[in-house]
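K.L.:
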Amino acid sequence: MTRKRVRKFNIKKFILFIIVIFILIVFFNYLLKIRLKSIVVLGNNYYTDEEIIEKAGIEKYPKFVFINSALIRKKLLKLDLIDDVKVNKKYDFTITIDIKEKKILYYDRADDMYMLSDYKKYNLDNVLGSATLINYIPSDIETKFLKEINKIDENILKLISEIEYSKTEYDKERFLLTMNDGNQVYISINKFNVINKYIDIVKKLDNKKGILYLDSGNYFEIKEK
24 MTRKRVRKFN IKKFILFIIV IFILIVFFNY LLKIRLKSIV VLGNNYYTDE
74 EIIEKAGIEK YPKFVFINSA LIRKKLLKLD LIDDVKVNKK YDFTITIDIK
124 EKKILYYDRA DDMYMLSDYK KYNLDNVLGS ATLINYIPSD IETKFLKEIN
174 KIDENILKLI SEIEYSKTEY DKERFLLTMN DGNQVYISIN KFNVINKYID
224 IVKKLDNKKG ILYLDSGNYF EIKEK
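With positions in the sequence shown counted from 1, the corresponding number in the working numbering is that position plus 23.
1. Taking the CB atoms as reference points, tell me whether D238 and Y209 lie closer together than 8 Å.
2. Which runs of the beta strand (DSSP E) at least 3 residues long sit entirely within the segment 40-128? Give them in chain order.
3. Could you tell me whether the Cβ atoms of K123 and G152 are closer together than 8 Å?
4. In this structure, how does DSSP classify D141 when only helix, strand and coil are distinguished?
5. Does Y159 come out as helix, strand or coil in the three-state DSSP assignment?
6. From this set, R58, E74 and E177, which residue's C-alpha is nearest L65's C-alpha?
7. Given D106, which residues of its chain have a CB within under 8 Å of its CB, disregarding the five upstream and five downstream residues?
8. Could you tell me the alpha carbon to alpha carbon distance between N33 and L59, rounded to whole angstroms?
9. Please report the straight-line C-alpha distance between K214 and L199, rounded to a whole angstrom.
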């Protein structure tokens, strides 16, 4: 005849189980209550940290566990000048928002709007340091022009004060760039990449001011005082 074994109730294991459950409840209750401690915003030039934080909807430092990184990214991508966003929540209850902004190619004086690196025009306020397009560019030329000017380094774009479409009988893709340092540069669309070397070129001019011809040949004409 088989005897049934009766397990004895293990009071020690039961108490340990209750303690573990209690600790987990206390811990998760703590997590639910703790608020965001710090916000780090990176890569923003056109928007202030305060504007980014407000648009993200975390200006009141909400409870950390309820912060939705995907939702923050979605909100910030609605801003005209933002191209991409990375949101990183960290274990020390901080959040990092890494902004990649669109590049402002130029301000179009004709329609009072800004052309950005996504090839769309926007009505923006309080933008400083962008080049001004002062005349009309034919649509077929503009398509090529936009593609090439988008390749110009942002620090070089900020050195350009005016852009003028300045075709000749021999070169319908010629432009005149007026620089902030007083120099002028004639350049064709197929040579636009050369302007990225502008700082190195100017260093060789011994601080002289004049007109740099990069459209046909490479020479510098000194301005007479």
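Using N, Cα and C, we set each Cβ at its ideal position, and we do this for glycine too.
P.N.:
The answer reads as follows:
1. Counting from 1 along the sequence shown, the entry for residue 238 is found at position 215. Counting from 1 along the sequence shown, the entry for residue 209 is found at position 186. Yes, the pair counts as a contact, with Cβ atoms nearer than the cut-off.
2. 61-65, 105-112 and 117-124
3. One-based indexing of the sequence shown puts residue 123 at position 100. One-based indexing of the sequence shown puts residue 152 at position 129. Contact: no.
4. The residue labelled residue 141 in the question sits at position 118 within the sequence shown. In the structure shown, D141 sits in coil (DSSP, three-state: anything other than H, G, I, E or B).
5. The residue you call residue 159 lines up with position 136 of the sequence shown. Coil.
6. The sequence position of residue 65 within the sequence shown is 42, counting from 1. Nearest option by C-alpha distance: E74.
7. Residue 106 sits at position 83 when you count from the first residue of the sequence shown. Correct list, in chain order: K123, E124, K125, S140 and D141.
8. Walking along the sequence shown from the start, residue 33 turns up at place 10. Walking along the sequence shown from the start, residue 59 turns up at place 36. C-alpha separation (whole angstroms): 42 Å.
9. Your numbering for residue 214 matches position 191 in the sequence shown. Your numbering for residue 199 matches position 176 in the sequence shown. Between K214 and L199, the C-alpha separation is close to 13 Å.
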